[in-house]
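Novice: Pasting in a structure now, in structure tokens, and then I'll have a few things to ask.
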Amino acid sequence: PMKKLFILGALFVAAATQAQTVWTPDLGNGKYKNPVLYADYSDPDVIRVGDDYWLTASSFNHMPGLPILHSTDLVNWELVNTVFLHQEPLETFDKVTPGEGVWAPAIRYHNGEYYIYWGNPYEGVYMTKTTDPRGEWSKPHLVKKAEGIIDTCPLWDEDGRAYLVHGWAGSCAGFKSVLSVTEMTPDGKSLFGDEVMIFDGHDDHPTVEGPKFYKRNGWYYVFAPAGGVKPGWQIVLRSRSPFGPYECRTVLHQGDTDIPGPHQGGWVDDVNGDCWFMHFVDMYAYGRVVHLQPMTWSDDDWCLIGIDRNGDGIGEPVHTYRKPAGKSEVKTPVDNDEFSDRRLGIQWQWPANPQTGWYFTNPTDGEVRLYCKHFDGVQSLWKVPNLLLQKVNAPNYTVTTKVSFRGAYEGDRAGLVMMGRSYATLGFEYRGGKVYLTQEECIGADKGKTAVRNSEVELESGEAWLRCRIELQKNDDGTPRMLCNFSYSTDGKKFKPLGKSFVGREGHWIGAKIGYYATAEIVKNDGGWLDIDWFRTSAK
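Position one of the sequence shown corresponds to residue 216 (the numbering used here), numbered consecutively onward.
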């Protein structure tokens, strides 16, 4: 009963602060600060339909895949949907395949339908569509089976013809730094004709990728990043034909700012006709966070992104700027979860297709239960598929969760994890009939390393409050560093530190993620579990 009363109280709080409050880009004075999304929404693309903006981003091997975000002003964003729960082919994505899956999707609106195209470099070009971005999307359709095609973007022309621009993954295709265009059937379901190389960036714009296709005033434009993720810049190509020849200009770079490598994104206009560009900046362990830049057009139909402060003819990123036109209400992607719904919160993801028996929701008690599972041949959490994770949502904040662990067999383990190429855990272990709380770290998990125990304490029961404090620091070279410190409580009031500080690491093409693990050494009926009561964030 106390739990239920607490849930009722928490629901009122949740109604007032429906999303996370640890990072709010809206400054409340008609301006915003970058990043507008301090979370790993890699390779963002954006469109406006009427008064609504819709954004999607890469999800790679993490499920549910293809996030859908909504805004009415390009600054305040909500996570409102995901496209699919299971990624095909199932034999691939039922296992952990870091870095594979959905690469750099493009979202477009055509003839009353919303389309998303993406490239899986190991499978080919996929498309899904819907009439309602908040509703059900169609089963992903394989537009073309091929290896190496990535970063796909469609364009429907006024004459009814359609085209697709894309890049190439060197790891699969054997070459990169090239952009291609091919013709597409008007229904968007297949490609035909030869691939036409429209741009070779090897000399002046190496690692050109992530193209986005547009048309304006009779010109065909391709926006694309070049120079690599962290040190790169933005170029724009234009031509009177979709197949070229194309002219090229650099339109955005770091310049004299401290914002490195403004990477790929999308161009969108607001309800007043002003133009904007949303792109990502790689923040290492924090992932690829999303920035919003003003964008202007010259009389001769070339654009400039950002502000040209030093007069070199190339835009530079802004830290703050006036907000775009549109209805504005402070909103942010949700991260808190009381687990009082029959479905997991939309923010949670698994590193593989979720399977029956990994978990149960229990809205009656306001909990979710994760079962301790054994996976043959897995030496660390790097390849464990039943991790329940969410994005890190701010540079500095605290995560606190109330959990209860029931160990059944020797080696049952579960708890809180900060996951990446290296990871750290604060969790329970059942050993010798007793319950221990341990703090461990695994440096170089992606290289096959195993976890090392930094500290442990014996507990009287498996109920505890676990906490991780995340702080943004800088390395000697000025690059960002995510520092994590763990603590615990047995009464929910007094917290004690455990273990040592951990420097977070990014994953494969993604930022670090925080969440839960539940593993077992013994495969046997009715094993251990972790009941998660709630997950809350605080700016303090």
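Glycine included, C-beta positions come from ideal geometry on N, C-alpha and C.
The structure presented is a predicted model; accordingly, all values stated were derived computationally and were not measured.
(1) Can you tell which of V264, G630 and I365 has its C-alpha closest to the C-alpha of A735?
(2) In whole angstroms, give me the CA-to-CA distance for G693 and S405.
(3) State buried or exposed for Q564, treating a residue as buried only when at least 16 other CB atoms are found within 10 Å of its CB.
(4) Verify whether the separation of the beta carbon atoms of I725 and D402 is less than 7 Å.
(5) Let me check one thing: in DSSP terms, what residues is E582 bridge-paired to?
(6) Cα separation between T571 and N740?
(7) Can you list, in chain order, the stretches of the beta strand (DSSP E) that have 3 or more residues and sit fully within the segment 425 to 494?
(8) Over the uninterrupted alpha helix (DSSP H) stretch that includes S386, give me the two end residues.
(9) Enumerate in chain order the residues of its own chain whose CB-to-CB distance from H356 is below 8 Å, with the five nearest sequence positions on each side excluded.
(10) Check I222 in the structure and name its three-state DSSP category.
(11) Just how far apart, CA to CA, sit P207 and G502?
(12) Just checking my contact of K617 with W749 at CB under 8 Å: how many whole Å lie between their CB atoms?
(13) Tell me, to the nearest whole angstrom, how far the beta carbon of Q469 is from that of P460; I am working on the premise that it is less than 8 Å.
(14) Three-state secondary structure (DSSP) at Y330?
(15) Residues bridged to P282 by DSSP?
(16) Which residue's Cα is closest to the Cα of T239: G647, K546, Y337 and K711?
(17) Is it true that the CB of E655 sits closer than 7 Å to the CB of T640?
(18) For V738 and Y586, what's the separation of their Cα atoms in angstroms?
(19) For A660, name the three-state secondary structure that DSSP assigns.
(20) Helix, strand or coil for K755 per DSSP?
(21) Which residues mark the beginning and the end of the alpha helix (DSSP H) in which F308 is found?
(22) Restricting to Cα atoms, I'd like to know which of D661, E675 and G659 is closest to E644.
(23) Which residue's Cα is closest to the Cα of P569: H301, R684, F275 and C518?
(24) Measuring straight from C-alpha to C-alpha, what distance separates T646 and K708?
(25) Please report the Cβ distance between P548 and E293, rounded to the nearest whole angstrom; I am assuming they are in contact, meaning their Cβ atoms lie under 8 Å.
(26) Three or more C-beta pairs under 8 Å: does that hold for the segment 668 to 683 against the segment 609 to 628?
(27) One question on the structure: do K538 and D267 come within less than 7 Å of each other, judged by their Cβ atoms?
(28) Helix, strand or coil for F227 per DSSP?
(29) Quick check for students: name the residue ranges of the beta strand (DSSP E) that lie wholly in the segment 575 to 650, counting only runs of 3 or more.
(30) Taking all protein chains shown into account, decide if A754 is buried (16 or more other Cβ within 10 angstroms of its Cβ) or exposed.
(31) Does the Cβ of S513 have 16 or more other Cβ atoms within 10 Å, making it buried, or fewer, making it exposed?
(32) Which class does Y731 belong to by DSSP, given the choice of helix, strand or coil?
(33) Going by C-alpha distance, which of R455, R453 and G480 is nearest V444?
(34) According to DSSP, is M217 part of a helix, a strand, or is it coil?
(35) Quick one: residues in its chain with C-beta nearer than 7 Å to the C-beta of R464, no 5 flanking neighbours on either side, listed in chain order?
(36) Can you check which of these residues, R668, G626 and G659, is closest to K649 by C-alpha distance?
Specialist: So, to answer that:
(1) G630
(2) 46 Å
(3) buried
(4) No, the Cβ-Cβ distance between I725 and D402 is not below 7 Å.
(5) N577
(6) 15 Å
(7) 427 to 431, 434 to 441, 448 to 454, 462 to 467 and 480 to 484
(8) G385 to A388
(9) Y341, M342, T343 and K404
(10) The pLDDT assigned to I222 is 39, lower than 50, so where the model puts this residue is not dependable; a value taken from the coordinates is nonetheless given after this. Helix, per DSSP.
(11) What the structure shows of the chain is the stretch from 216 to 755, and residue 207 is not part of that stretch, so it cannot be assessed.
(12) 6 Å
(13) That belief does not hold up - the Cβ atoms of Q469 and P460 are roughly 29 Å apart, past 8 Å.
(14) strand
(15) T297
(16) Residue K546 is the option with its Cα nearest to T239.
(17) In this structure, E655 lies closer than 7 Å to T640 by Cβ.
(18) 12 Å
(19) helix
(20) coil
(21) L305 to F308
(22) E675
(23) H301
(24) The amino acid at residue 646 is misidentified as Thr; the sequence shows Arg. Cα to Cα, R646 sits roughly 27 Å from K708.
(25) 6 Å
(26) yes
(27) no
(28) Note on F227: pLDDT 34, under 50, position unreliable in the model; no value is reported.
(29) 582 to 586, 603 to 606, 612 to 621, 628 to 634 and 638 to 646
(30) exposed
(31) exposed
(32) Secondary structure of Y731 (DSSP, three-state): strand.
(33) For V444, the nearest C-alpha among the options comes from G480.
(34) Here the model assigns M217 a pLDDT of 39, short of 50, so the residue's position is not dependable, and the following value carries that caveat. Assigned with DSSP and collapsed to three states, M217 falls in helix.
(35) Here R464 has I450, V451 and W517 as same chain residues with Cβ atoms under 7 Å from its own Cβ, once five neighbours each way along the sequence are excluded.
(36) Taking each of R668, G626 and G659 in turn and checking the Cα distance to K649, the smallest one comes out for G626.
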